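Chains as they are written, first to last, in the numbering used here: chain F, 61 to 268; chain X, 61 to 268.
Idealized CB from N, CA, C, for every residue including glycine.
None of these values were measured; they are calculated from a predicted model.
What follows is a set of notes on a single structure, which appears directly below.
Number of protein chains: 2
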Amino acid sequence: MVPGPAISLRAYQRITRYLNFLNQAEGGDKHISATRIAHALKINDVVVRKDLAAVSGNGKTKVGYARTELTRDIERFLGYDRPADSALAGVGRLGQALLSYENFKKYGLNITAAFDTAPELVGREINGVKILDASKITDLCRRLHIKIGIIAVPASAAQAAANALVEGGARAIWNFAPRELSLPEGVSVKHEDMAASLAVLTKQLERF
Amino acid sequence: MVPGPAISLRAYQRITRYLNFLNQAEGGDKHISATRIAHALKINDVVVRKDLAAVSGNGKTKVGYARTELTRDIERFLGYDRPADSALAGVGRLGQALLSYENFKKYGLNITAAFDTAPELVGREINGVKILDASKITDLCRRLHIKIGIIAVPASAAQAAANALVEGGARAIWNFAPRELSLPEGVSVKHEDMAASLAVLTKQLERF
DNA sequence: ATTATATCGATATAAAAATATCTAATAAGG
DNA sequence: CCTTATTAGATATTTTTATATCGATATAAT
């Protein structure tokens, strides 16, 4: 596939904000303008317009975008309409939370397999997903053609989990462990960086 | 306080990566250079040098930074040495995961109060924190001088939770709900945007 | 002692992102 | 029908961020 226009992470974050905003004020007007979204979300209106143009292009002068159409276009852009199967490594508290997070389905993510090493967890079922022994990661990912691996194991086990997932065919890793991963070329990683988020927050707090 | 040099979110993310990297290769050399970090993490070396200069400034020509010193400086920079008390609104799966996440202590975050509306949760204790009825948020935050509020309630309840926290004196909100929050001037928000992260990841997947 | 090399830190350039400005279109009000 | 206001979308400018280049310095090798 073509590399595409390489939309920045910040643009994705803005676009999901637009979607959240559209969802929350449900019963409103039939149309909404970029200007209004910009004002509500305190973002520059040109930025919003540029984002929406990349996503939809169905804007009409003087009226803006039809809400339902825009919502659909954003969802399509974000991939909510093409569900992807994924495997979860680590079913501790965080893993269980991820397994139970109903929104993921809406976001186009199915967790179809879950793995852990703890004997008391293996065999149990959470939210319709059976927990299997971690030794089976590679084999099962391969059989299920899993392309997305989610890492929710302790930091010390993260690299091993990543290796198993990638060996099983995963091409994208969503890493919740506070650990750098070294992965082969062609495998993309998104590090969910709670520590950094927290640091930003507490830093802002210091200003007062 | 002074506004400060306004370090970007991306810089914070890089800096936490440096810290993770330092922690994971524990028994290594006594010193480490920006060049080597840059190479290991596939980041431009000038960027690393600039980040480290903002954080530490103890770099020595030809040898780099002393690992232990650099680790300490980064931790100090990220605020790990000044623990802040926080209150958690919502003790569902995600809230429980946050309550049990041991790393937060290391990151300088104490969750000292937790709230929920569900009668079967109120009164229980998780990880040493007693769950209280959501009606007490404002009052208790005020008494405990809570400055950080964490929102882990369903989207529909997010705004109300935020209001209660802010009314109780919270000046920073860490929002895990997929909902835009409208908050008074001076209250900072960090939206933990799982949907956006996921979208980035699946987008990269499409390239193959 | 001298030379080569690795490193930091400063400065300069380039790239990317955000913001401002401008134009055309079109709906709404008189 | 005409004017006004609002909007998308294009283009230009500014700001921010990343990258490249250079000089100084200290360590290690010869």
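I want to see whether chain F comes within less than 7 Å of residue i, judged by CB atoms only; does it?
{"i": "methionine 61(X)", "result": "Its pLDDT being 42, under 50, methionine 61(X) is placed unreliably in this model, and the coordinates cannot settle the point."}
{"i": "alanine 157(X)", "result": "yes"}
{"i": "serine 248(X)", "result": "yes"}
{"i": "proline 244(X)", "result": "no"}
{"i": "phenylalanine 236(X)", "result": "no"}
{"i": "threonine 131(X)", "result": "no"}
{"i": "alanine 66(X)", "result": "no"}
{"i": "threonine 53(X)", "result": "Here chain X has residues from 61 to 268 only, and residue 53(X) is not among them."}
{"i": "alanine 256(X)", "result": "yes"}
{"i": "leucine 69(X)", "result": "yes"}
So the beta strand (DSSP E) residue i belongs to, where does it begin and stop?
{"i": "histidine 251(X)", "result": "248 to 251"}
{"i": "valine 107(F)", "result": "From DSSP, valine 107(F) is part of no beta strand (DSSP E) but of the alpha helix (DSSP H) over 105 to 115."}
{"i": "leucine 169(X)", "result": "169 to 176"}
{"i": "alanine 232(F)", "result": "232 to 235"}
{"i": "isoleucine 211(X)", "result": "208 to 211"}
{"i": "aspartate 199(F)", "result": "Here aspartate 199(F) belongs to no beta strand (DSSP E); instead the alpha helix (DSSP H) covers 197 to 204."}
Please name the residue, chosen from the options, that lies closest to residue i on a Cα-to-Cα basis.
{"i": "alanine 178(X)", "options": "Leu112(X), Val123(X), Leu241(X), Gly155(X)", "result": "Gly155(X)"}
{"i": "isoleucine 171(X)", "options": "Arg74(F), Ile191(F), Asp253(F), Leu258(F)", "result": "Leu258(F)"}
{"i": "alanine 147(X)", "options": "Ala94(X), Asn235(X), Glu266(X)", "result": "Asn235(X)"}
{"i": "serine 242(F)", "options": "Ala218(F), Val107(F), Asp111(F), Gly228(F)", "result": "Ala218(F)"}
{"i": "lysine 250(X)", "options": "Ala194(X), Ile211(X), Ile103(X)", "result": "Ile211(X)"}
{"i": "asparagine 80(X)", "options": "Gln264(F), Leu261(F), Ala255(F)", "result": "Ala255(F)"}
{"i": "threonine 76(F)", "options": "Leu130(F), Ala126(F), Thr95(F)", "result": "Leu130(F)"}
{"i": "asparagine 246(F)", "options": "Lys110(X), Leu265(X), Leu204(X)", "result": "Note that residue 246(F) is glycine in the sequence shown here, rather than asparagine. Minimum Cα distance to glycine 246(F) is reached at Leu265(X)."}
{"i": "leucine 82(F)", "options": "Arg96(F), Ile206(F), Thr262(F)", "result": "Arg96(F)"}
{"i": "glutamate 180(X)", "options": "His205(X), Lys263(X), Val151(X), Phe164(X)", "result": "Val151(X)"}
{"i": "serine 248(X)", "options": "Ala230(X), Thr262(X), Val260(X), Leu261(X)", "result": "Ala230(X)"}
{"i": "isoleucine 191(F)", "options": "Asp176(F), Ala157(F), Arg203(F)", "result": "Asp176(F)"}
Consider the Cβ of residue i: report whether some Cβ of chain X lies at a distance smaller than 7 Å.
{"i": "valine 115(F)", "result": "no"}
{"i": "aspartate 253(F)", "result": "yes"}
{"i": "asparagine 80(F)", "result": "yes"}
{"i": "serine 146(F)", "result": "no"}
{"i": "glycine 228(F)", "result": "no"}
{"i": "threonine 172(F)", "result": "no"}
{"i": "glycine 119(F)", "result": "no"}
{"i": "glutamate 185(F)", "result": "no"}
{"i": "leucine 181(F)", "result": "no"}
{"i": "valine 260(F)", "result": "yes"}
{"i": "tyrosine 72(F)", "result": "yes"}
Tell me where the alpha helix (DSSP H) around residue i begins and ends.
{"i": "alanine 218(F)", "result": "215 to 227"}
{"i": "valine 260(F)", "result": "254 to 265"}
{"i": "leucine 181(X)", "result": "Premise fails: leucine 181(X) is in no alpha helix (DSSP H) and is neither H nor E."}
Looking at residue i: is its Cβ nearer than 7 Å to the Cβ of residue j?
{"i": "histidine 91(X)", "j": "glycine 124(X)", "result": "yes"}
{"i": "isoleucine 208(X)", "j": "alanine 174(X)", "result": "no"}
{"i": "alanine 98(X)", "j": "aspartate 105(X)", "result": "yes"}
{"i": "cysteine 201(F)", "j": "glycine 183(F)", "result": "no"}
{"i": "valine 115(F)", "j": "aspartate 133(F)", "result": "yes"}
{"i": "aspartate 111(X)", "j": "alanine 71(X)", "result": "yes"}
{"i": "proline 238(X)", "j": "alanine 215(X)", "result": "yes"}
{"i": "alanine 149(F)", "j": "alanine 221(F)", "result": "yes"}
Return the residues of the stretch 201 to 222 of chain X that lie within a Cβ-Cβ distance of less than 8 Å from chain F, sorted by chain order.
The stretch 201 to 222 of chain X vs chain F, Cβ under 8 Å: Lys207, Ile208, Ala215.
Check each residue of the stretch 76 to 110 of chain F: if its Cβ is closer than 7 Å to any Cβ of chain X, include it; give the result in chain order.
Within the stretch 76 to 110 of chain F, those residues whose Cβ lies closer than 7 Å to any Cβ of chain X are, in chain order, Thr76, Arg77, Asn80, Phe81, Gln84, Leu101.
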